[in-house]
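Colleague: Dumping the structure here so I can ask a few things about it.
In my numbering, the protein residues as written are -3 to 303.
Below you can see the structure in the form of structure tokens.
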């Protein structure tokens, strides 16, 4: 006679808890999604709380930048000066762009220094996330601190180099004037613009690191149409230039900030050489790039360092 073994009944499988219940349970115990993007106001507060880290990181990067060179921090001044010397020979002497431009050397050196600030900020911002993945993955902090710190580093380098620019201006007979105070708001607006564009490029560079290889060509083209080595005002006076091209040249943000600094520092650069509503344009570009770039970067906050 075979013995039949009865299998004890199994308890019913509990139904999975609804997602709403899990969210409620997590909220009750103070749990949150790891790496979730905070709200925009909370993100701003986090950045402000880490303002000392941002400034210390920028200063440390600036100090280490030329630590292996024998001349050290002197290269902060020598690099833009050497670039200005090359541009003077090629554009000023060979191509004759210095004709009709008073105080051409102060005009050129100011343009090179101010353009270098924008160029270096954007290049550093492009690699801010992709070049610091170890830091991004190891520590929890608002990622916008990285492109902001790199822009602040470039601002510190520019301020350090401004001493040499002042010496050049004085050596070529440019007097000190009250208008020099206009350099402060112009630099602030340019820094805001640079920071915004850097955050846009940081997000793009984090997703596609190859953009960093393309940016030198883009920036070089942008430099040539920004009036660094030649006067946009002189070119705009030519009837052969289409009006649409003239408007694009005059509203180019890099050219606006360069010309504002020239107007502030060089007495022979008059207000008539500036485009109409130049300060409104400078503020507008700073707001569009600064606020827009910050929000664009913040929207991808939880993706940085992953993948």
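A virtual CB, placed ideally from N, CA and C, is assigned to each residue, including glycine. A quick note: this is a predicted structure, and the numbers were derived from the prediction, not measured.
Residue 185 and residue 282 look like a contact to me (Cβ under 8 angstroms); what is the Cβ gap, rounded to whole Å?
Modeller: With a Cβ gap of about 4 angstroms, residue 185 and residue 282 count as contacting.
Colleague: Does DSSP put residue 306 in a helix, a strand or coil?
Modeller: What the structure shows of the chain is the stretch from -3 to 303, and residue 306 is not part of that stretch, so it cannot be assessed.
Colleague: Once the 5 residues before and after residue 128 are set aside, which same chain residues still bring their CB inside 7 angstroms of it?
Modeller: Around residue 128: 142.
Colleague: Determine the closest residue to residue 56 out of 263, 150, 194 and 159, with distance taken between C-alpha atoms.
Modeller: When only C-alpha atoms are compared, the closest one is 150.
Colleague: Please classify residue 206 as buried or exposed, where buried requires at least 16 neighbouring CB atoms within 10 angstroms.
Modeller: It is exposed - the Cβ of residue 206 has fewer than 16 other Cβ atoms within 10 Å.
Colleague: Enumerate, from N- to C-terminal direction, the unbroken beta strand (DSSP E) stretches of 3 or more residues contained entirely within the segment 48 to 117.
Modeller: Counting whole runs of 3 or more residues, the segment 48 to 117 contains no beta strand (DSSP E) stretch at all.
Colleague: If you drop the 5 nearest sequence neighbours on each side, which residues of the same chain put their C-beta closer than 8 angstroms to that of residue 168?
Modeller: These residues qualify, in order along the chain: 99, 101 and 102.
Colleague: Counting only the same chain and skipping the five closest in sequence on each side, list residues whose C-beta sits under 6 angstroms from that of residue 160.
Modeller: Correct list, in chain order: 73.
Colleague: Under the assumption that residue 87 contacts residue 226 (Cβ atoms under 8 angstroms), give the Cβ distance between them as a whole number of angstroms.
Modeller: Correct: roughly 7 angstroms between the Cβ atoms.
Colleague: Please return the same chain residues whose Cβ sits closer than 6 angstroms to the Cβ of residue 113, not counting the five positions on each side in sequence.
Modeller: So the list reads 150 and 154, once near-sequence residues are dropped.
Colleague: I'd like to check one pair, residue 250 with residue 222: are the Cβ atoms closer than 8 angstroms?
Modeller: Taking 8 angstroms as the Cβ cut-off, residue 222 and residue 250 qualify as a contacting pair.
Colleague: Enumerate in chain order the residues of its own chain whose CB-to-CB distance from residue 123 is below 7 angstroms, with the five nearest sequence positions on each side excluded.
Modeller: Only 201 and 208 meet the Cβ criterion.
Colleague: Here's a check: name, in chain order, each residue in its chain whose Cβ is nearer than 8 angstroms to the Cβ of residue 39, leaving out the five neighbours to either side.
Modeller: Result list for residue 39: 33, 138, 140, 294 and 297, in chain order.
Colleague: How would you label residue 243, buried or exposed, when you count the other beta carbons within 10 angstroms and need 16 or more for buried?
Modeller: It is exposed - the Cβ of residue 243 has fewer than 16 other Cβ atoms within 10 Å.
Colleague: May I have a chain-ordered list of the alpha helix (DSSP H) segments no shorter than 4 residues that lie completely inside the segment 191 to 264?
Modeller: Those alpha helix (DSSP H) runs which fall completely within the segment 191 to 264 and span 4+ residues are 207 to 220, 228 to 232, 239 to 246 and 249 to 261.
Colleague: At the level of alpha carbons, what is the spacing between residue 93 and residue 84?
Modeller: C-alpha separation (whole angstroms): 9 angstroms.
Colleague: Please state whether the Cβ-Cβ distance between residue 274 and residue 256 is less than 8 angstroms.
Modeller: For residue 274 and residue 256, yes; Cβs fall inside 8 angstroms.
Colleague: Alpha carbons only, please: which of 252, 245, 280 and 118 is nearest the one belonging to residue 214?
Modeller: Comparing Cα positions, the closest option is 118.
Colleague: Where do the ends of the alpha helix (DSSP H) carrying residue 281 lie?
Modeller: Here the alpha helix (DSSP H) through residue 281 covers 274 to 294.
Colleague: Given a threshold of 16 other Cβ atoms within 10 Å of its Cβ, counted over all protein chains shown, does residue 284 qualify as buried or as exposed?
Modeller: Under this definition residue 284 is an exposed residue.
Colleague: Quick one: what does DSSP say residue 169 is sitting in, helix, strand or coil?
Modeller: Correct three-state label for residue 169: coil.
Colleague: If residue 121 and residue 195 are in contact, beta carbons under 8 angstroms, what's the gap, nearest whole angstrom?
Modeller: Correct: roughly 7 angstroms between the Cβ atoms.
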